[in-house]
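Enquirer: Just so you know, the protein sequences line up as chains A and B, in that order. Numbering of the first sequence is given in this note's numbering, commencing with residue 1283 and proceeding in unit increments. Numbering of the second sequence is given in this note's numbering, commencing with residue -10 and proceeding in unit increments. Cβ atoms here follow ideal geometry from the backbone N, Cα and C, with glycine treated the same way. Encoded as structure tokens, here's the structure I'll be asking about.
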Amino acid sequence: SQQGEEDPQALSIQEGENATMNCSYKTSINNLQWYRQNSGRGLVHLILIRSNEREKHSGRLRVTLDTSKKSSSLLITASRAADTASYFCATDAGGYALNFGKGTSLLVTP
Amino acid sequence: DTAVSQTPKYLVTQMGNDKSIKCEQNLGHDTMYWYKQDSKKFLKIMFSYNNKELIINETVPNRFSPKSPDKAHLNLHINSLELGDSAVYFCASSHPGLRDNEQFFGPGTRLTVL
């Protein structure tokens, strides 16, 4: 069953700007993960945040998690044209498979 | 040295045909998955195998049959293909318990049923 919902569905920004994507989910989770999918390619893991963490950084990525609101956000700072892709949040509720949202399509223009 | 590989990358076929997609991972993971991504990019789990045993079988028509000859391989066979089966199918693997079930995806197989 679908778990995550990303917002916005599409985002268009210029190089150098920050991009923020949000994800909401419905049930308790062990962790929440963000993946990137370039056009015509498979998904690539970006960052994972555990349910007992509130914020995590990795390079230009910053992810937050609010378990009381069942929501997460992914911030990409100083975006580049190469960041153009679809971004998905996925929740791990302790089973094996992840539940993915519908994704946010990010377009970064030079 | 590809971690998760799938073949073929593209598959175009007629309705009613039977086809297979193969997946292999060289990461030593115990668990493998098949996901289906529809035209709206929604990604949904179909099957999951752990050490060659089926552990997840979502509501998928029984025309779809996964087979895992060993823990490095998970193939997907589809009988009597229908138009609605057109999608991109992704294989993935993980080692739950290590790295918090981070999943590694193959490049996908784009199936088009005519």
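(1) Which residue from Leu100(B), Thr98(B), Gly86(B), His66(B) puts its Cα closest to that of Asn39(B)?
(2) Taking contact to mean at least 3 C-beta pairs separated by less than 8 Å, is the region -9 to 0 of chain B in contact with the region 10 to 22 of chain B?
(3) Give me the residue from Ser1353(A), Glu1337(A), Cys1305(A) with the minimum Cα distance to Thr1346(A).
(4) Could you give the distance in angstroms between the alpha-carbon of Val19(B) and the alpha-carbon of Pro1392(A)?
(5) Are Asn1312(A) and Arg1332(A) close, meaning C-beta to C-beta below 9 Å?
(6) Could you name the residues of chain B that Ala1379(A) contacts, counting a contact when the two beta carbons are closer than 7 Å?
(7) Between which residues of its own chain and Ser37(B) is the CB-CB distance below 6 Å, once the five residues before and five after are set aside?
(8) Check the DSSP bridge columns for Thr2(B) and list the partner residues they point to.
(9) Quick check on Asn90(B): does DSSP put it in helix, strand or coil?
(10) Thinking C-alpha only, which one of Ser1321(A), Arg1342(A), Leu1328(A), Gly1377(A) is nearest Ile34(B)?
(11) So, does the CB of Ala1372(A) fall closer than 9 Å to a CB anywhere in chain B?
(12) Under DSSP, the beta strand (DSSP E) around Lys25(B) begins and ends at which residues?
(13) With Glu13(B) as the anchor, note down where its beta strand (DSSP E) starts and where it stops.
(14) What's the gap between the Cα of Phe31(B) and the Cα of Thr1366(A)?
(15) Helix, strand or coil, according to DSSP, for Ala81(B) in the structure here?
(16) Just to check my reading of the structure: Val1390(A) and Ala1363(A) have Cβ atoms closer than 8 Å, yes? What is that Cβ distance to the nearest angstrom?
(17) With a cut-off of 8 Å, do at least 3 Cβ pairs link the region 1313 to 1324 of chain A to the region 87 to 101 of chain B?
(18) Hey, is the region 1297 to 1317 of chain A in contact with the region 67 to 77 of chain B, meaning 3+ C-beta pairs nearer than 8 Å?
(19) Using C-beta distances below 6 Å, list every residue in its chain close to Val1(B), excluding the 5 sequence neighbours before and after it, in chain order.
(20) Whole angstroms are fine: how far does the CA of Arg1342(A) sit from the CA of Ile1295(A)?
(21) Report yes if the CB atom of Gln1315(A) is closer than 9 Å to the CB atom of Ala1372(A), and no otherwise.
Expert: Reading off the structure:
(1) Translated into the one-based positions of the second sequence, residue 39(B) becomes position 50. Measuring from the Cα of Asn39(B), the nearest candidate turns out to be Gly86(B).
(2) yes
(3) Position 64 of the first sequence, counted from the first residue, corresponds to residue 1346(A). When only C-alpha atoms are compared, the closest one is Glu1337(A).
(4) Walking along the second sequence from the start, residue 19(B) turns up at place 30. Walking along the first sequence from the start, residue 1392(A) turns up at place 110. In the sequence on display, residue 19(B) carries Asp and not Val. Each residue's Cα considered, the two are about 42 Å apart.
(5) To locate residue 1312(A), count along the first sequence from 1; it is residue 30. To locate residue 1332(A), count along the first sequence from 1; it is residue 50. In this structure, Arg1332(A) lies closer than 9 Å to Asn1312(A) by Cβ.
(6) One-based indexing of the first sequence puts residue 1379(A) at position 97. Residues of chain B passing the Cβ test: Tyr22, Ile34, Ser37, Ile45.
(7) Residue numbering aside, residue 37(B) sits at position 48 when the second sequence is read from its first letter. Here the set comprises Tyr22, Ile44, Ile45.
(8) Mapped onto the second sequence, residue 2(B) falls at position 13. Its beta-bridge partners are Val102(B).
(9) Taking the second sequence and counting its residues from 1, one reaches residue 90(B) at position 101. Helix, per DSSP.
(10) Position 45 of the second sequence holds residue 34(B). Selected option, being the one with the closest Cα: Gly1377(A).
(11) The residue given as residue 1372(A) occupies position 90 in the first sequence. For Ala1372(A), a Cβ of chain B is located within less than 9 Å of the residue's own Cβ.
(12) Counting from one through the second sequence, the residue named residue 25(B) turns up at place 36. Element bounds for Lys25(B): 20 to 26.
(13) By one-based count along the second sequence, residue 13(B) stands at place 24. It spans 8 to 14 - the beta strand (DSSP E) in which Glu13(B) sits, taken as one unbroken run.
(14) In the second sequence, counting from the first residue as 1, residue 31(B) sits at position 42. In the first sequence, counting from the first residue as 1, residue 1366(A) sits at position 84. Looking at the two C-alpha atoms, the distance is approximately 18 Å.
(15) Within the second sequence, the letter at position 92 stands for residue 81(B). It is a strand residue.
(16) Here residue 1390(A) is taken as the residue at index 108 of the first sequence, counted from 1. Here residue 1363(A) is taken as the residue at index 81 of the first sequence, counted from 1. Going by Cβ atoms, the distance from Val1390(A) to Ala1363(A) rounds to 5 Å, so yes, they are a contact pair.
(17) yes
(18) no
(19) As a first step, residue 1(B) must be located in the second sequence, where it is residue number 12. Thr101, listed in sequence order.
(20) The residue given as residue 1295(A) occupies position 13 in the first sequence. The residue given as residue 1342(A) occupies position 60 in the first sequence. Rounded to whole angstroms, Ile1295(A) to Arg1342(A) spans 16 Å at the Cα level.
(21) The residue given as residue 1315(A) occupies position 33 in the first sequence. The residue given as residue 1372(A) occupies position 90 in the first sequence. For Gln1315(A) and Ala1372(A), yes; Cβs fall inside 9 Å.
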